[in-house]
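Following the working numbering, the residues of the sequence shown are numbered contiguously, the last one being 614. The beta carbon of each residue, even a glycine, is placed where N, CA and C say it ideally should be. One structure is given below, encoded as structure tokens.
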Amino acid sequence: MRYRRFGRTGWDASVLGFGAMRLPYLNEDPAQIDEPEAARMLRRAIDGGVNYIDTAYIYHSGQSEGFVGKVLADGYRERVKVATKYPIWQIEKDSDGERILAEQLARLQVPYIDFYLLHGLNAKEWGRVKEFRVLQWAETALASGLIKHLGFSFHDRLEVFKEIIDGYDNWEFCQIQYNYLDIDYQAGREGLRYAAAKGLPVVVMEPLRGGWLAAPPAPIRALFGAKRRSPADLALQWLWSQPEVTVVLSGMSTFPQVEENLASADQAKVGALTKRELTFIDGVRREALKTGWVPCTGCRYCLPCPSEVDIPTSFEAHNLGLYVTEEKRRARVAKHLESTKAGACTACGECEEKCPQHLEIPKLLARACELLGVARAEPPS
């Protein structure tokens, strides 16, 4: 495992962090974490040198923090730093911070939280931070020792990111979506460099774009040929080759993914990629962005849907449908899309407000139905 200094904290973080948002689960229900397998994965990651564990109040329908707490209580807590997040959108009154933090401390079975993030800041939630005096509350929590370091995660435009960075003098770190497809999306490369220039360590989420970069569709995968690096390893090394990146979070769902990512992290180094590899990645980016795929990361923030549409799985079917031409396979993909109830979307808009990618979900569901010939109840207006 390689390590990098985590800003002014003086602590060295593992370049690979364990994201507890995509743990394995049972019965197609994210709230039913497969605890024996997920615990095996988390402990293997820590034994392999990972010392940054990331969770949140809402992950796995509120079950992730409790699971992490149970695993770490078995002798692993002293070996890691724990990061979790405050759901800004759930604030209704000034006292909510105290209540939610107390609940998180109990779930995690800890007297304090190492790294505390204001979750998913955008222009709207930044307004709520100011309206409900969240930063003043957080400073009180810092002074009392209930949290050790304050940061934020982010999903919005670059100019909003800079406004948030400059709007508070005591940020100690930030978390952004960044990968080789998203260099000009949300905070992007410019935001990464802006934060680093301010002395902030940057934690990267969605390094594989919800798994798309690890297992791209066949036409994109074919570009890799017999390259010595796998698509996932190349995507991770692209991030680690940049000195501004401190930690790369991976939301690992299987034990082999843990092993593969640990092996990649052992090779992480600034400037590790060759000029030829960087040129190749630029070419993959250009081809990928031409396909018309829906850039859903499968975070499931959009759920539950009032019409019971499984939105992330609908987009998986859409993206597969872009590349499947053989009639029988295409019929199977269409049946899969139908099973997600994509055609039941009424364009109520609830999902769009929750989506960190700011996708026009009803229109995209309509497009998926049209692509695969699935009937829908009512076209979005």
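> So is E559 buried or exposed if we call it buried at 16+ other beta carbons inside 10 Å?
Replying inline: The residue you call residue 559 lines up with position 326 of the sequence shown. Exposed, by the Cβ-count rule.
>> Restricting to runs no shorter than 4 residues, where is the alpha helix (DSSP H) found entirely within the segment 366-449?
In response: 367-377, 391-399 and 421-430
> Taking just the CA atoms, how far does F251 sit from Y345?
Replying inline: Against the sequence shown, residue 345 aligns to sequence position 112. Against the sequence shown, residue 251 aligns to sequence position 18. Near 19 Å, if we compare the C-alpha coordinates of F251 and Y345.
> Rounded to the nearest angstrom, how far is the Cβ of L341 from that of V283, given a contact under 8 Å?
Replying inline: Locating residue 341 in the sequence shown gives position 108, where the first residue counts as 1. Locating residue 283 in the sequence shown gives position 50, where the first residue counts as 1. 17 Å between Cβ atoms; not a contact.
> By Cβ distance below 8 Å, which residues in the same chain neighbour E541 in space, the five residues on each side in sequence not counted?
Replying inline: As a first step, residue 541 is located in the sequence shown; it is residue number 308 there, counting from the start. Result list for E541: K574 and A577, in chain order.
> From D329 to F365, what distance separates their C-alpha atoms?
Replying inline: Numbered from 1 along the sequence shown, position 96 holds the residue referred to as residue 329. Numbered from 1 along the sequence shown, position 132 holds the residue referred to as residue 365. Rounded to whole angstroms, D329 to F365 spans 9 Å at the Cα level.
>> With H, G and I counted as helix, E and B as strand and the rest as coil, what does DSSP make of D329?
In response: Position 96 of the sequence shown holds residue 329. D329 falls in the helix class under three-state DSSP.
> Quick one, which of N403, Y401, A374 and P440 has its alpha-carbon nearest D415's?
Replying inline: Stepping through the sequence shown from its first residue, residue 415 is reached at position 182. Minimum Cα distance to D415 is reached at P440.
> Can you tell me the Cα-Cα spacing of P613 and Q475, whole angstroms?
Replying inline: On the sequence shown, residue 613 is found 380 positions in, with the first residue counted as 1. On the sequence shown, residue 475 is found 242 positions in, with the first residue counted as 1. Unreliable positioning characterises P613 in this predicted model, as indicated by a pLDDT of 48, which lies under 50. The coordinate reading is nonetheless provided below. Rounded to the nearest angstrom, the two C-alpha atoms are 42 Å apart.
>> Can you tell me whether C532 is buried or exposed? The criterion is at least 16 other CB atoms within 10 Å of its CB, across all chains shown.
In response: As a working note, residue 532 is residue 299 in the sequence shown. By the 10 Å Cβ count, C532 comes out buried.
> Does DSSP classify P263 as helix, strand or coil?
Replying inline: Start at 1 with the first residue of the sequence shown, and residue 263 comes out as number 30. In the structure shown, P263 sits in a strand (DSSP, three-state: E or B).
> Going by the beta-carbon positions, is the gap between T242 and T288 smaller than 8 Å?
Replying inline: Counting from one through the sequence shown, the residue named residue 242 turns up at place 9. Counting from one through the sequence shown, the residue named residue 288 turns up at place 55. Not a contact, by the Cβ cut-off of 8 Å.
> Under a three-way DSSP split, which group does Y236 fall into?
Replying inline: Indexing the sequence shown from 1 puts residue 236 at position 3. In the structure shown, Y236 sits in a strand (DSSP, three-state: E or B).
> Is DSSP giving P613 helix, strand or coil here?
Replying inline: The sequence position of residue 613 within the sequence shown is 380, counting from 1. Below a pLDDT of 50, predicted positions are generally treated as unreliable, and P613, at 48, falls in that range; no measurement from the model is reported.
>> Can you give me the C-alpha to C-alpha distance between K568 and L598, rounded to a whole angstrom?
In response: To locate residue 568, count along the sequence shown from 1; it is residue 335. To locate residue 598, count along the sequence shown from 1; it is residue 365. Using only the alpha carbons, I get a separation of about 15 Å.
> Where C538 and R565 are concerned, what is the direct C-alpha to C-alpha distance, given to the nearest angstrom?
Replying inline: Position 305 of the sequence shown holds residue 538. Position 332 of the sequence shown holds residue 565. In a straight line, the C-alpha of C538 is about 24 Å away from that of R565.
> What's the gap between the Cα of R332 and the Cα of I409?
Replying inline: Here residue 332 is taken as the residue at index 99 of the sequence shown, counted from 1. Here residue 409 is taken as the residue at index 176 of the sequence shown, counted from 1. Taking the straight line joining both Cα atoms gives about 27 Å.
>> Measuring only the C-alpha atoms, how far is L467 from E520?
In response: In the sequence shown, counting from the first residue as 1, residue 467 sits at position 234. In the sequence shown, counting from the first residue as 1, residue 520 sits at position 287. Each residue's Cα considered, the two are about 16 Å apart.
> Which residues mark the beginning and the end of the beta strand (DSSP E) in which R253 is found?
Replying inline: The count along the sequence shown starts at 1 and reaches residue 253 at position 20. The sequence shown places Ala at residue 253, rather than the Arg named in the question. Element bounds for A253: n/a, residue is neither H nor E.
> Tell me, which residues are paired with I286 by DSSP?
Replying inline: Here residue 286 corresponds to residue number 53 of the sequence shown, with the count starting at 1. Note: I286 sits in a beta bridge opposite F251 and V315.
>> According to DSSP, is V478 part of a helix, a strand, or is it coil?
In response: In the sequence shown, residue 478 corresponds to position 245, counting from 1. Three-state DSSP puts V478 in a strand.
> Is the segment 345-354 touching the segment 385-404 in the sense that three or more CB pairs, one from each, lie closer than 8 Å?
Replying inline: yes
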